[in-house]
Amino acid sequence: MDGYHRTDALRQIGAQFIEARLAFGMTDEELFDERVRAAARSAKAVKFPRMITFMFRSYQVSPWSQQGLQLSQILNLAVTSSSTKQPGKNLGLTPETSQATIQWAKQKAMLWNSDVGSLYQQIRCAENSFSEIIGQVRTSQGGGHIGDGVFNPVKFFAMVEELPNNFRLQQLMVSIIKKHNLNTDQVRVVSQALAIIEGNSELIDLLISNPCDLDILSGILGGKVVYVKGKMSYQPKPSLVIDEVASEGGLNEAELLTSYLDDLAPIKTVEEEAGRDDVFQIPNEEAHPEEIEEENNLPTKLRSIQPPSEREDHTYNIPRAPHDYENQIRELQMALEAANRQLALGGGQQVAWYESLATLTPEEREIMKFINIGLLRGVEITQLDAELKRKYRWTGNQLDQRKRSALTKLHLFYDDLIQDEYLKMI
Numbered sequence: 000m001d002g003y004h005r006t007d008a009l010r011q012i013g014a015q016f017i018e019a020r021l022a023f024g025m026t027d028e029e030l031f032d033e034r035v036r037a038a039a040r041s042a043k044a045v046k047f048p049r050m051i052t053f054m055f056r057s058y059q060v061s062p063w064s065q066q067g068l069q070l071s072q073i074l075n076l077a078v079t080s081s082s083t084k085q086p087g088k089n090l091g092l093t094p095e096t097s098q099a100t101i102q103w104a105k106q107k108a109m110l111w112n113s114d115v116g117s118l119y120q121q122i123r124c125a126e127n128s129f130s131e132i133i134g135q136v137r138t139s140q141g142g143g144h145i146g147d148g149v150f151n152p153v154k155f156f157a158m159v160e161e162l163p164n165n166f167r168l169q170q171l172m173v174s175i176i177k178k179h180n181l182n183t184d185q186v187r188v189v190s191q192a193l194a195i196i197e198g199n200s201e202l203i204d205l206l207i208s209n210p211c212d213l214d215i216l217s218g219i220l221g222g223k224v225v226y227v228k229g230k231m232s233y234q235p236k237p238s239l240v241i242d243e244v245a246s247e248g249g250l251n252e253a254e255l256l257t258s259y260l261d262d263l264a265p266i267k268t269v270e271e272e273a274g275r276d277d278v279f280q281i282p283n284e285e286a287h288p289e290e291i292e293e294e295n296n297l298p299t300k301l302r303s304i305q306p307p308s309e310r311e312d313h314t315y316n317i318p319r320a321p322h323d324y325e326n327q328i329r330e331l332q333m334a335l336e337a338a339n340r341q342l343a344l345g346g347g348q349q350v351a352w353y354e355s356l357a358t359l360t361p362e363e364r365e366i367m368k369f370i371n372i373g374l375l376r377g378v379e380i381t382q383l384d385a386e387l388k389r390k391y392r393w394t395g396n397q398l399d400q401r402k403r404s405a406l407t408k409l410h411l412f413y414d415d416l417i418q419d420e421y422l423k424m425i
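Residue numbers (numbering that gives the first Met the number 0): 0 to 425.
What follows is the structure, encoded as structure tokens:
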């Protein structure tokens with residue numbers, strides 16, 4: 000049987016026999032794969048939470064789960080494998096292990112009658128949500144009256160991308176969606192507003208009562224919320240003009256890259272959780288005099304980038320990314336090394352890496368230029384992301400994939416071509 004209570008149902012109607020397909024010698028992983036396939040054929044309204052549940056169950060009994068990898072990480076490897084020189088390098092995987100995980104992901108996609116891109120979006124959002132929320136997702140159209148709005152997968156994706164790992168706000172958004180029958184565009188904009196006013200109960204109550212009031216949304220978001228061709232759209236106030244900013248002078252690439260990647264680190268990254276912080280450690284002159292001496296002997300451009308004053312307690316309250324902490328730190332270290340190498344090879348000149356890196360696509364080059372210049376002007380990364388998503392009509396996942404692709408190319412380029420030269424210089 001497929002595990003969806005058909006046996007109990009048949010017993011209740013007095014059936015003496017049950018038609019079933021028997022399979023012998025199946026592993027637990029194969030059993031859960033069959034449950035995923037059965038969920039796809041079960042009642043349409045509830046198939047999404049059922050499929051997600053057994054996808055995770057299948058993964059949990061696979062060899063890759065025992066290695067500490069997340070399902071979304073493996074699916075992302077499969078999605079980006081054709082555009083990445085060494086897939087899995089940032090996760091610490093050998094080329095052989097990386098290829099094996101990619102093949103596993105592709106086989107699962109075929110078995111589950113999907114593609115790796117769609118699976119990646121579904122699983123990544125599920126990892127950033129909660130079983131109580133996922134269980135409410137329904138695959139149906141919904142009614143047109145107040146109170147009967149349906150919380151479908153597309154609305155779920157839009158909500159989680161804006162409110163990752165926030166159970167309280169996700170639960171509030173689900174109630175708003177059901178009460179006011181919001182469409183996907185409205186869900187995204189209202190979720191953005193809800194994230195901003197998280198600690199303000201009065202504004203939250205106002206938004207819950209009037210989620211589609213354009214004046215309320217515009218006031219909260221600090222821009223203009225309008226309907227464009229029937230779709231709700233948020234238009235941020237003009238915060239930067241690329242040509243204007245570019246004419247103001249050179250960029251401190253090391254600081255900008257540090258600040259940007261810091262925003263990708265997990266939430267609550269504290270020293271006792273991470274051990275000694277090799278990236279942002281401030282040398283103690285009494286405890287480590289040799290570190291101070293070594294630091295002072297380096298050229299100015301190569302000295303360690305010290306943390307801003309608000310991070311001096313080593314507590315970083317920043318958005319959580321779907322990677323484990325060790326991989327985040329490794330990624331940040333690689334980025335810092337690459338930025339320092341560039342400054343060294345340029346004789347201390349501040350050359351924009353995104354202008355000179357040949358492997359970047361024009362799209363990736365424009366994105367990184369936009370972000371770096373915006374950070375120089377003091378614009379928050381969330382505002383920059385919102386403006387890019389609005390400009391290119393991307394989801395949060397689509398933008399994040401492009402940013403990570405650009406940074407991965409930067410890491411690989413410098414690691415492959417100038418590692419020896421950099422080591423000689425220091």
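The beta-carbon is built from N, C-alpha and C at its ideal position, and this holds for glycine as well.
Problem - Contacts around C124, its chain only, beta-carbon distance under 6 Å, and the 5 residues preceding and following it disregarded - result: F156, V159
Problem - Status (buried if at least 16 other CB within 10 Å, exposed otherwise) for F369 - result: buried
Practice task
Taking 8 Å as the cut-off, decide whether the C-beta atoms of V149 and R137 are in contact.
Solution key: yes
Practice task
Mind checking who V78 pairs with in its DSSP beta bridge?
Solution key: DSSP, once it has assigned bridges, lists no residue as partnering V78.
Exercise for the section: Could you pull out every residue in the same chain whose Cβ sits closer than 7 Å to the Cβ of F442, ignoring the five residues on either side in sequence? Expected result: This structure does not reach residue 442, given that the chain is present from 0 up to 425, and the question cannot be answered.
Exercise for the section: Classify P306 as helix, strand or coil using the three-state DSSP reduction. Expected result: Residue confidence is low: P306 scores 32 on pLDDT, short of 50, so the model does not pin down where it sits. No coordinate-derived value is stated.
Problem - M432 - DSSP class collapsed to helix/strand/coil - result: Lying before the first or after the last residue shown, residue 432 is absent from the chain, which here runs from 0 to 425.
Practice task
Grab me the residues of Y119's own chain with a C-beta within less than 6 Å of its C-beta, minus the 5 sequence neighbours each way, in chain order.
Solution key: Excluding residues within five positions, the ones whose Cβ falls inside 6 Å are L74, N75, V78.
Handout entry: Alpha-carbon to alpha-carbon, A8 and I17
Key = 11 Å
Handout entry: Bridge partners - Y226, DSSP secondary structure assignment
Key = M231
Exercise for the section: Note the first and the last residue of the continuous alpha helix (DSSP H) segment covering L181. Expected result: The continuous stretches of alpha helix (DSSP H) do not include L181, and DSSP gives it neither H nor E.
Exercise for the section: Helix, strand or coil for K446, going by three-state DSSP, please let me know. Expected result: For residue 446 there is no data in the structure shown, the boundaries of the chain being 0 and 425.
Practice task
Taking F31 as part of the alpha helix (DSSP H), name the residues at either end of that continuous run.
Solution key: 27-40
Practice task
Tell me whether I196 sits in a helix, a strand or coil according to DSSP, three-state version.
Solution key: I196: coil per DSSP, three-state reduction.
Exercise for the section: Helix, strand or coil for I328, going by three-state DSSP, please let me know. Expected result: In this predicted model, I328 has a pLDDT of only 41, less than 50, meaning its place in the structure is not dependable enough to derive any value.
Handout entry: Distance, Q400 Cα to T407 Cα
Key = One Cα belongs to T407, the other to Q400, and the distance between them is close to 10 Å.
Exercise for the section: Report back the beta-carbon spacing between Q59 and E126 to the nearest angstrom; my notes put them in contact at under 8 Å. Expected result: Incorrect: roughly 13 Å between the Cβ atoms, too far for contact.
Exercise for the section: Check whether the Cβ atoms of L206 and V186 sit closer than 8 Å, and answer yes or no. Expected result: no
Exercise for the section: Would you mind giving the Cβ-Cβ distance between V173 and Q135, rounded to the nearest angstrom? I have them listed as a contact below 8 Å. Expected result: 6 Å
Practice task
State yes or no: is the beta carbon of N396 nearer than 8 Å to at least one beta carbon in chain D?
Solution key: Among the chains of the structure shown, chain D does not appear; only one protein chain is present.
Handout entry: 8 Å CB neighbourhood of C211 in its chain, flanking five on each side removed
Key = H179, L181, Q185, V189, M231
Handout entry: For I380, three-class secondary structure by DSSP
Key = helix
Problem - Whole-angstrom distance between E95 and K105, CA atom to CA atom - result: 16 Å
Practice task
Please determine, among S217, E386, I380, Q169, the residue with the shortest C-alpha to C-alpha distance to S128.
Solution key: For the residues S217, E386, I380, Q169, the minimum Cα distance to S128 belongs to Q169.
Handout entry: Close Cβ partners of G218 (< 6 Å) along its chain, the five nearest in sequence each way excluded
Key = There are no such residues.
Problem - Pairwise C-alpha distance: L216 and D27 - result: 48 Å
Practice task
Evaluate T100 with the Cβ neighbour count: other Cβ atoms within 10 Å of its Cβ, from every protein chain shown; 16 or more gives buried, anything less gives exposed.
Solution key: buried
Handout entry: Inter-residue Cα distance where the pair is K107 and N209
Key = 43 Å
Handout entry: Beta-carbon spacing of S447, S404 below 8 Å
Key = Because residue 447 is not part of the residues shown, which for the chain are 0 to 425, the question remains open.
Exercise for the section: Buried or exposed for Y391, please, with buried defined as at least 16 other CB atoms from any protein chain shown within 10 angstroms of its CB. Expected result: exposed
Exercise for the section: Tell me where the alpha helix (DSSP H) around F47 begins and ends. Expected result: 46-59
Practice task
Under 8 Å by Cβ, that's how I've got V220 and Q191 pegged, so tell me the actual separation to the nearest angstrom.
Solution key: Just to set this straight, residue 220 is Leu in the shown sequence, not Val. Correct: roughly 6 Å between the Cβ atoms.
Handout entry: Where Y233 falls, given that 16 or more other Cβ within 10 Å makes a residue buried
Key = buried
Handout entry: Three-state class that DSSP yields for E362 in the structure shown
Key = helix
Practice task
Rank N396, I175, K402 by C-alpha distance to the C-alpha of S117 and give the top, closest one.
Solution key: N396
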